[in-house]
Amino acid sequence: MLPYHTLPGGIPGIERPGPNSIVELLQRVLQREGFYGGPVNGGFTAATVTAVRNFQAARDLTADGIVGPATWNALPAETLQGIPVIREGSSGGAVALLQRCLRRQGYDPGPINGVFGPKTTAALKQYQQTGAPEIVVDGICGAQIWPLMG
């Protein structure tokens with residue numbers, strides 16, 4: 004089970020409305036599973052909520068449209084394939100994305116340069132410490148952290 008916390012609006016990691024990569028992931032999965040026929044645009048729209056409710060009902064979950072731990076757990080495992088695991092010493096686009104996400108959420112990862120150095124590690128650990136109690140504070144960004152980044 005991946006640890007998630009649910010914020011207002013129902014999706015882990017969403018603090019404000021608008022396009023969101025986690026919602027895009029959700030929309031793609033729901034589309035692949037035959038529950039969502041709308042555009043994959045990252046907007047948590049009425050159509051997305053309806054698809055979530057239908058998915059939940061089909062899985063005997065509370066059909067409330069809130070994507071919390073039970074719903075994330077019910078999504079097919081392959082939805083997280085390809086999510087990179089990055090840590091200090093990593094570099095590239097995934098690191099730059101993490102740095103942007105951390106900065107957007109109020110943490111200072113240092114320069115957005117795609118290099119996972121000590122400042123990025125410190126910012127990620129700070130983020131991990133303020134998350135759900137199930138989050139391991141290890142400075143590693145993988146399947147437990149990416150879905151929360153928003």
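Mind the numbering: the sequence shown is residues 4 to 153 in our numbering, read in order. In this text, a Cβ means the ideal position worked out from N, Cα and C, and glycines have one as well.
Own chain partners of residue i with C-beta closer than 6 Å, once the 5 adjacent residues on each side are dropped
{"i": "Arg31", "result": "Val43"}
{"i": "Glu27", "result": "Val43 and Gly45"}
{"i": "Arg56", "result": "Ala66 and Gly68"}
{"i": "Ala126", "result": "Leu105, Tyr110, Asp111 and Pro112"}
Per-residue DSSP class, three states only, for residue i
{"i": "Ile25", "result": "helix"}
{"i": "Val55", "result": "helix"}
{"i": "Pro118", "result": "Before going further, note that residue 118 is Val rather than Pro in the sequence given. It is a strand residue."}
{"i": "Glu81", "result": "With a pLDDT of 48 at Glu81, under the threshold of 50, the predicted position of this residue should be treated as unreliable, though the coordinate-derived value follows. Of the three classes helix, strand and coil, the one that applies to Glu81 here is helix, per DSSP."}
Beta-carbon spacing of residue i, residue j below 8 Å
{"i": "Thr123", "j": "Gly113", "result": "yes"}
{"i": "Tyr130", "j": "Leu105", "result": "yes"}
{"i": "Ala54", "j": "Phe38", "result": "yes"}
Any non-hydrogen atom of the ligand GTP closer than 7 Å to residue i Cβ
{"i": "Val70", "result": "The ligand GTP is absent from the structure shown, which contains no ligand whatsoever."}
Nonlocal neighbours in the same chain, by C-beta distance under 7 Å from residue i, ignoring five residues either side
{"i": "Ala60", "result": "Ala66"}
{"i": "Gln132", "result": "Val140"}
{"i": "Leu64", "result": "Ala73, Thr74 and Ala77"}
Integer-rounded CB distance, given that residue j should sit under 8 Å from residue i
{"i": "Val52", "j": "Gly68", "result": "4 Å"}
{"i": "Val70", "j": "Ser94", "result": "Not a contact, Cβ separation roughly 32 Å."}
{"i": "Gln102", "j": "Ile89", "result": "With 8 Å as the limit, Gln102 and Ile89 do not qualify as a contact, their Cβ atoms being about 10 Å apart."}
Cβ shell of residue i (< 8 Å), same chain only, five flanking positions each side left out
{"i": "Glu91", "result": "Phe119, Gly120, Pro121, Thr123, Thr124 and Gly142"}
First through last residue of the alpha helix (DSSP H) which encompasses residue i
{"i": "Arg106", "result": "Gly96 to Arg107"}
{"i": "Leu151", "result": "Trp149 to Met152"}
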